[in-house]
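Sequential numbering of the sequence shown, starting at 99, is according to the numbering used here. A short worksheet on the structure shown next.
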Amino acid sequence: MTTLQIRDERARALAEKLASLRDVTMTEAVIQALEAELKREAEKQPLAQRLKRIAADLAAAGKPGGHALTKDEIDEMWGH
Numbered sequence: 099m100t101t102l103q104i105r106d107e108r109a110r111a112l113a114e115k116l117a118s119l120r121d122v123t124m125t126e127a128v129i130q131a132l133e134a135e136l137k138r139e140a141e142k143q144p145l146a147q148r149l150k151r152i153a154a155d156l157a158a159a160g161k162p163g164g165h166a167l168t169k170d171e172i173d174e175m176w177g178h
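Right, dumping it as structure tokens:
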């Protein structure tokens, strides 16, 4: 078994804080953080794909049969 050596003071402070919050060793905190970041990187999608998915979700959630707003309804929305 090898020990984790962190020489950078900022990195050490962050690892200690995360370890304390999660009640784990510094080594385990670093492993968890690195695994989480690697997962996030692997799951990244380009902006265009994310926007396309969001637009599709919103279109699917929309309800047909709406009505044109009257001037009074528009004024009410704007607080007039």
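Positions of the beta carbon are idealized from the N, C-alpha and C atoms, including for glycine. These numbers come from a predicted model, not from an experiment.
Span of the alpha helix (DSSP H) holding residue i?
i, result
"T123", "It is not in any alpha helix (DSSP H) - T123 carries neither H nor E in the DSSP assignment."
"Q147", "145-159"
"K169", "169-175"
What separation, rounded to the nearest whole angstrom, lies between the Cα atoms of residue i and residue j?
i, j, result
"L136", "A146", "22 angstroms"
"A153", "R105", "47 angstroms"
"G177", "E141", "42 angstroms"
"T123", "R108", "17 angstroms"
Going by CA-CA distance only, name the one from the options that's closest to residue i.
i, options, result
"T101", "D121, P162, E139, V128", "V128"
"L132", "R148, R151, L112", "L112"
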